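For reference, the structure discussed in these notes is given below.
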Amino acid sequence: MTVTEGAAAVPLLEVEGLHVEFVNDGKWVPAVENVSFTVGAGETLALVGESGCGKTVSSLAVMGLVPRANGRVSAGQVRYAGEDLLRMAPDDLRRVRGDRIAMVFQEPMTSLNPAFTIGQQISLAVRAHRPCSKAEARAKAVEVLDHVGIPDAAHRVDDYPHAFSGGMRQRAMIAMALSCNPRLLIADEPTTALDVTVQAQILELLRSLRDETGMAMLFVTHDLGVVADLCDRVAVMYAGQVVEQASVDDLFRRPRHPYTEALMASMPQVATPGQRLTIIHGQVPRPGEITSGCRFRPRCEYATARCAEDPIDLVALPAGAVRCVHHDELVLRPPARADDAEHAAAPGGPPLLEVRGLRKEFPVTTGLLRRVRGHVHAVDGVDLTVAAGETLGLVGESGSGKSTVARLVLRLLDATGGTVTVDGVDIGQLRGRALRQARGGMQMVFQDPYSSLDPRATIAASVGEPLEIHRGLRGPARDRRVAELLDLVGIGPHLLRRYPHEFSGGQRQRIAVARALALEPRLLVCDEPVSSLDVSTQSQVINLLADLQERLGLAYLFIAHDLSVVRHLSHRIAVMYLGRIVETGPAEEVYRRPRHPYTEALLSAIPVPDPVRQRQRQRIVLRGEMPSAVAPPSGCRFRTRCPYAMEVCATQDPAPFGAGGGTTVWCHLHTTGPALGGAPLAALSTAPAAPAGGTTPQV
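Note that the sequence shown covers residues 36 to 734 in the numbering used here.
Listed below in structure tokens is the structure:
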């Protein structure tokens, strides 16, 4: 029997005893085993766990989308409204799929056809399930796009996917899924690759749609903060099995499985800034490598000989279920929050990296003659410094110009204006051999380690390539140095001859860091290095970067959109919006007391892994999209989305204002705003500190 708590008397979806297998080396290997859960009408169930735990496979099995070429559902039942989907004829299943049950995938750009407009794709979905004309289907497409918040939907319906931002593409995917008014929506990591502000918009949209329509949701994620924000119940999966089920409140009040406790403890939101994050040692076993007994046993700090006994059953509890032989003995608690912890002071000394007045414009051309009809003002007058041994976190939404700054700093792009000085040398003036030598002292770690490593080259060749080019090391000498670098980042030297596909995501990122360290740089530019990783893998990479900084004295320019990660690792934070810095200061000061409305919105968008606090906190959801950098707004560039915008914001660029605590902010609220209201200019900078996410005083 499925063990749930608080589900409807007659569940809309019942998954019982689900087994899914895939072919590996000619043998059928189980990826999901004996998985059972229910989802009631109007309820949201979260499937939680690391990559490789079976969450996505379970959701694909519900939809009948397990690839038949190498996979199969070998046992179990998936009942929707009492009818077993696994026993349906293919034509009958197609009528249910997309109509009564719909799915939103993780990456909208790979799910949308680039050759068709958004409206055409939604219309096709409507006409596949509803008898209607093309005009009626198009009208429905406009209606659902407007419903999910696409501005000017009547015109944007004819745009192609590439013309939409990431958040708008995900909204379009949701619109397509909702076009036939499904009773059940399956969302597979729909917010993982999105900015926190866009994520907040998507979560708010899903919550309102669920409340308006009574739609049920199966929400697949590894982010427990999102779970606390949106979901009613949770099923925690590990190595193809459900190891715990509970209501959201019960799970966060008292986790019953050590794996759940470990997932919670590894989140940056609950850790003391500057201290090492809790990590889950090892990795999820691959299908076919699973041993007897508890599958989490090799990674569990509470494991005993009893845990090796087989089988470990899912035991019903008054408030859910758990698969652990010690559940009656263990008293597990969610980690205490560390909001009031002090961050280490930033290192002193002269700047290692100094950026002054940095600008970058990209021409916008048209026609065969490529006539210039405008410029993208990607970076417009950025100033920042990073001292030796210091981490500066650069945060902002996609399109703010963060990655362009990173490439300008490393001279991967030539600046339109301004200077970049590294260790006293203006790299903009360097050419040829001098530039190559300077680049040895500054390296980059990219977001996606798999695309950064040559899939056809061994780890020894990938990590050793800079040594061959710059140091002339080859053969055994190169391999000895590569082995030292791999050992430095926690990868054994016996893995030198393996290829990137043989490693997990976290291991690949460690290898990318080892490659970046090959030439002993003093400055690392890290461009979203953990945004695509599971929370447990993310904690490992964050700890690695902190350890390397402490050991080697490295300086980091750390680029991210998640302020919880940036706060944990950074000494100072610079907030960027549409090509300009809008606030900068010590990490704890910016986090505890944001002075700029944009910083406030970024902080408010971070999901809190505590359902009680999540319900009590004030949410600020930014409306609309970031304006085009081709024609940025006059005056303050954030004014088109700012709830506190005044007339002066449209006509004058805000001047920098020292707001106290080492923070500098570019916002009229701190200068002209108080003057217009008759308040002293220092009123806002001397007011009592507000909690993160609190409301900026409106003047």
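No residue lacks a Cβ here, since even glycine has one placed at the ideal position from N, Cα and C.
Values in this document were obtained by computation on a predicted structure and should not be read as measured data.
Considering only residues of the same chain and omitting the five flanking positions on each side of residue i, which have a CB-CB separation below 8 Å?
| i | result |
| --- | --- |
| A622 | P308, H378, G428, V601, R602, S605, H606, R607, I608 |
| T227 | Q141, T256, H257, D258, S567 |
| N105 | F57, V58 |
| L147 | I153, Q156, P196, R204, A207, M208 |
| S392 | Note that residue 392 corresponds to Gly in the displayed sequence, not to Ser. Hits under 8 Å: G416, V417, D418, G452, G453, T454. |
| T400 | R406, V407, R408 |
| T493 | L531, R532, R533, Y534 |
Tell me, which residues are paired with residue i by DSSP?
| i | result |
| --- | --- |
| K395 | V414 |
| A81 | F254, V269 |
| C561 | V480, F593 |
| N59 | K62 |
| D284 | D284 is not bridged to any residue. |
Quick one: Cα of residue i to Cα of residue j, how far?
| i | j | result |
| --- | --- | --- |
| A76 | L121 | 20 Å |
| P125 | R545 | 44 Å |
| G695 | P303 | 26 Å |
| I616 | V417 | 6 Å |
| Q234 | R516 | 42 Å |
| L589 | F287 | 37 Å |
| A423 | V183 | 46 Å |
| G402 | H410 | 15 Å |
| Q575 | P632 | 32 Å |
| V74 | R358 | 20 Å |
| V108 | M138 | 19 Å |
| C684 | S669 | 8 Å |
| G507 | L587 | 23 Å |
| D345 | I325 | 12 Å |
| P290 | R368 | 6 Å |
| H536 | P490 | 7 Å |
| V64 | P322 | 6 Å |
| Y626 | M661 | 22 Å |
| R468 | G510 | 25 Å |
Quick one: what's got a C-beta closer than 7 Å to residue i's C-beta in the same chain, skipping five residues either side?
| i | result |
| --- | --- |
| A595 | G428, V430, E563, S566, V601 |
| A553 | V498, P501, L502, L520 |
| Y337 | P293, H361, L365 |
| T232 | E432, A636, L637, A640, L657 |
| G384 | A422, A423 |
| E224 | Q141, V255, T256 |
| A110 | G52, H54 |
| G693 | T699 |
| Y612 | G431, S435, Y633, R672, F673 |
Which residues in the same chain as residue i place their Cβ atom closer than 6 Å to its Cβ, once the five residues preceding and following it in sequence are excluded?
| i | result |
| --- | --- |
| Q573 | V565 |
| T426 | Y591, F593, L604, S605, H606 |
| A297 | I315 |
| L95 | V101 |
| S487 | F481, A547 |
| C215 | D134, H164 |
| C702 | H631, P689 |
Quick one: using the 10 Å Cβ neighbour count with 16 as the cut-off for buried, is residue i buried or exposed?
| i | result |
| --- | --- |
| K169 | exposed |
| T145 | exposed |
| V45 | exposed |
| G541 | buried |
| A710 | exposed |
| V50 | buried |
| V407 | exposed |
| V455 | buried |
| D688 | exposed |
| V570 | buried |
| T706 | buried |
| H529 | exposed |
| K62 | exposed |
| Q464 | exposed |
| T339 | exposed |
| R474 | buried |
| A666 | exposed |
| Q649 | buried |
Report the CB separation of residue i from residue j in whole angstroms; it is logged as a contact under 8 Å.
| i | j | result |
| --- | --- | --- |
| L470 | R446 | 6 Å |
| T634 | G659 | 18 Å between Cβ atoms; not a contact. |
| A210 | A281 | About 33 Å separates the two Cβ atoms, so there is no contact after all. |
| F481 | A581 | Between A581 and F481 the Cβ distance is about 19 Å, and since that is not below 8 Å, they are no contact. |
| P370 | A300 | 5 Å |
| T79 | R245 | 7 Å |
| A263 | V643 | 6 Å |
| V277 | V524 | V277 to V524, Cβ: 34 Å. No contact. |
Would you please verify whether the beta carbon of residue i is less than 9 Å from any beta carbon of chain B?
| i | result |
| --- | --- |
| S487 | In the structure shown, chain B cannot be found, because there is only a single protein chain. |
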